Every structure is written in structure tokens, then in C-alpha cells.
Amino acid sequence: DTAVSQTPKYLVTQMGNDKSIKCEQNLGHDTMYWYKQDSKKFLKIMFSYNNKELIINETVPNRFSPKSPDKAHLNLHINSLELGDSAVYFCASSFRTSEVGNEQFFGPGTRLTVL
Amino acid sequence: GESVGLHLPTLSVQEGDNSIINCAYSNSASDYFIWYKQESGKGPQFIIDIRSNMDKRQGQRVTVLLNKTVKHLSLQIAATQPGDSAVYFCAENRGGGSYIPTFGRGTSLIVHP
């Protein structure tokens, strides 16, 4: 009965490789997000999708390509991985409508290590 | 630059004490604020929120205070417990229909038994 799930939890790969992280939510939310958290715990939003449409792209390199096959899923594909991509990536979901607040539900995170 | 910041990166308290975690924001138009708790190895978890038309909101053992005059937000935790040890983030929605939160740097709360 996990609300927001991500796979894999850990990902170790070589520079230059291409990898994907999957995210699914079963909360019925219409909006999903990807965040990057660096080693100093700073959380930075990368993308936001509302009903499968890209809403926010916060100056993320085009090596990062989100894909939303339906509003319950938001996957993140990363091409040509670089050392600086090493971080914890969090998926989150919420309702967009401000009337119900914008509390976000976060997944457990995917720790990506690029060697 | 960031519009949401924290005064104390680390706060150490004794079990049973009250904790106060502070947050400054710079955007006067921000209309909604949230506090999140992130335990080690987990994603952030919602604690409490407050809208800009309020100055105080209470939950179970937690209280959020909002001072719009000085653009300051605080989270008070009563009778802090070891299980409260975590990193705490404040986040703001910048108003104007924006629903994308901007997160502050985070404060690490350490509770000593």
C-alpha cells in the first residue's frame, strides 16, 4: 500500500551510461515531480508534470528526460551520466489545486552514484 | 538565489526540551508554507502547513508561526523526542497560483536522550 514508490533504491553506474528511474503513485494525485537532493541535503526541483503534461522544467540539462505515460507514473531517464549527477533523486506527487493545499508526498528516493 | 533559508543548520536539544526551528523567506507574495521532516534514508514527510492569512497553526506537538512582517517562519516542537531527530525543511509556494514549492536549506535536529 505504498503511496509513492521508486525503483531502484540504489543505482551505481559508470560515467557515460544511460539509466532510468521509475516512479509510481497510487494516491490519485494529478501532479508529479522529480527532485534532486545533493550531499548537503539541498532539495532542488527538476520537473513537474500535471496530468501527463510537463509544467516545470527547472533549467535541467537535456540529458535528463522525464516521461509520464499516465498521471500515476513519472519516469526519469538520464543520458550520458556525469559525476555531478551523483545525488539522491526523489519523486513526489500532489494535487495541483491550491484549495486543497499542495502537500507533497515523497517517494523513498533513489541514490545514484556515478563512478 | 534561494528565497527560503534557515538560520541554524544544526540544532541539538535534550529529550523533553522544546525545539524551535527557524526559516526566513524573501518573497512577500508567498501564500502557503509547509514544514517537512526528513529522516535518514527516507523522503521528506509533511508535518504541518500554514497559509499566509494565518499567523499560527497547531498540530500534535508541533506549532508553526508565521510572521509576514519580517518574513519569518518557525516550527516549534514540544517535548522533543529522539524520534524527532531528522532534517527539517521549510518550503514556500510563491503565490500567484504557483503550486511549486521552493525548499529551504534544511536544519538538522539532533535530540539527545
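If you read the sequences in order, they're chains A and B. Per this note's numbering: the first sequence = residues 9 to 123. Per this note's numbering: the second sequence = residues -11 to 101. Think of the CB as a built atom: it goes at the ideal place given N, C-alpha and C, for glycine as much as any other residue. As the structure is a computational prediction, the values presented were derived from the model and not from experiment.
Alpha carbon to alpha carbon, what distance is there between residue j and residue i?
i: T67(A); j: Q2(B); result: 42 Å
i: D38(A); j: E32(A); result: 12 Å
i: S126(A); j: H100(B); result: An answer regarding residue 126(A) cannot be provided, because it is not within the stretch 9 to 123 covered by chain A.
i: A66(B); j: G47(B); result: 10 Å
i: M23(A); j: E90(A); result: 5 Å
i: S76(A); j: I36(B); result: 29 Å
i: F21(B); j: F113(A); result: 15 Å
i: S0(B); j: L63(B); result: 15 Å
i: K48(A); j: S28(A); result: 24 Å
In chain B, what lies closer than 9 Å to residue i by C-beta?
i: Q112(A); result: I22, Y24, P32, F34, A79 and P89
i: P116(A); result: G29, K30 and G31
If you drop the 5 nearest sequence neighbours on each side, which residues of the same chain put their C-beta closer than 6 Å to that of residue i?
i: H(-5)(B); result: In this prediction, H(-5)(B) scores a pLDDT of 49, lower than 50, which makes its location untrustworthy; the coordinate-derived value is nonetheless stated afterwards. Once the five neighbours on either side are set aside, the close Cβ partners of H(-5)(B) are N10.
i: S56(A); result: Y41, I63 and I64
i: K30(A); result: T15 and N83
i: D46(A); result: A95
i: L72(A); result: Residue identity check: residue 72(A) is Phe in the sequence provided, not Leu. Contacts found: I86.
Near residue i, what residues of its chain come up, given a Cβ to Cβ distance below 7 Å and the 5 sequence neighbours on each side ignored?
i: E27(B); result: A74
i: D93(A); result: I86, L120 and V122
i: K79(A); result: D38, N59 and K60
Name, please, each residue of chain A whose Cβ falls closer than 7 Å to the Cβ of residue i.
i: D72(B); result: By Cβ distance, chain A contributes nothing, its closest Cβ being about 17 Å from D72(B), past 7 Å.
Could you check how far apart the C-beta atoms of residue i and residue j are, in whole angstroms? I think they sit under 8 Å.
i: R82(B); j: A17(B); result: 6 Å
i: G115(A); j: A100(A); result: 7 Å
i: L53(B); j: D72(B); result: Wrong, their Cβ atoms sit about 18 Å apart, outside the cutoff.
i: Y97(A); j: K44(A); result: 6 Å
i: F34(B); j: L51(A); result: The Cβ separation is near 14 Å, so there is no contact.
i: S14(B); j: K44(B); result: S14(B) to K44(B), Cβ: 22 Å. No contact.
Counting only the same chain and skipping the five closest in sequence on each side, list residues whose C-beta sits under 8 Å from that of residue i.
i: E(-10)(B); result: Bear in mind that a pLDDT of 38 at E(-10)(B), under 50, signals an unreliable position, so the number given afterwards is only what the model happens to contain. These residues qualify, in order along the chain: T90, G92 and R93.
i: K17(A); result: P116, G117, T118 and R119
i: V50(B); result: W23, I35, I36, L63, Q64, I65 and A66
Applying a beta-carbon distance threshold of less than 8 Å, which residues of chain A neighbour residue i?
i: G94(B); result: K49, F50 and L51
So with CB distances below 9 Å, who are the chain A contacts of residue i?
i: V75(B); result: K49
query = Between the region 74 to 105 of chain A and chain B, which residues of the former have CB atoms less than 7 Å from a CB of the latter, in chain order?
reply = F98 and R104
inquiry  = Please identify, using Cβ separations under 7 Å, the residues of the region 48 to 67 of chain A that lie next to chain B, in order along the chain.
reply    = Here the close residues are K49, F50, L51, I53, S56 and I64.
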